[in-house]
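Participant: Heads up: the sequence shown begins at 2 in my numbering, then just goes up one per residue.
A virtual CB, placed ideally from N, CA and C, is assigned to each residue, including glycine.
Note that the structure is predicted; figures quoted are calculated from it, not measured.
Dropping a structure here in structure tokens format, bear with me for questions.
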Amino acid sequence: LVTCLWLEYKVLLYSSHLSVLTIVAETLITLLYPFKWEHVYVPVLPLQLLEFVNAPTPFIMGVHPGTLPSRRDTLLNSVSMDEVVVANLDRNEVRLASSSSKGVS
Numbered sequence: 002l003v004t005c006l007w008l009e010y011k012v013l014l015y016s017s018h019l020s021v022l023t024i025v026a027e028t029l030i031t032l033l034y035p036f037k038w039e040h041v042y043v044p045v046l047p048l049q050l051l052e053f054v055n056a057p058t059p060f061i062m063g064v065h066p067g068t069l070p071s072r073r074d075t076l077l078n079s080v081s082m083d084e085v086v087v088a089n090l091d092r093n094e095v096r097l098a099s100s101s102s103k104g105v106s
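Given below as structure tokens:
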């Protein structure tokens, strides 16, 4: 994940625990030192801003399943997930964006 951030990819964190989203997002920011994250940073994305995952710029955003129940399919269909690195923190899984496979191992 840190490499993806250094390369300025879009990173979407997913967890059913709000505290985990915040802690992991802050830890990732800290691990970038001596560099500083200058892009979009939303550790817990509220439902009203869910469409922001379509942002054209690099980001770190956290999503709680409580914001997705009725909109999950809409979100996943509308977002170009090929451009987003998704880290499921509950399952310890990371799905790399297809566009990131050339620079991340």
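Would you mind sorting Phe60 into buried or exposed? The rule is 16 or more other CB atoms within 10 Å of its CB.
Facilitator: Buried, by the Cβ-count rule.
Participant: Quick one: what does DSSP say Ala98 is sitting in, helix, strand or coil?
Facilitator: Three-state result, Ala98: coil.
Participant: Going by DSSP, which residues form a beta bridge with Asn89?
Facilitator: According to DSSP, which records beta bridges pairwise, Asn89 is partnered with Tyr15 and Glu94.
Participant: Skipping 5 residues on each side, what residues in its chain have a beta carbon closer than 8 Å to that of Val41?
Facilitator: Result list for Val41: Phe53, Ala56, Thr58, Pro59, Phe60, Ile61 and Met62, in chain order.
Participant: Pick helix, strand or coil for Val54, following the three-state DSSP scheme.
Facilitator: Of the three classes helix, strand and coil, the one that applies to Val54 here is helix, per DSSP.
Participant: According to DSSP, Val41 sits in a beta bridge with which residue or residues?
Facilitator: In the DSSP output, where bridge partners are listed per residue, Val41 has Phe60.
Participant: On the DSSP letters alone, give me the boundaries of the alpha helix (DSSP H) that Leu6 sits inside.
Facilitator: Val3 to Trp7 is the span of the alpha helix (DSSP H), which, as asked, contains Leu6.
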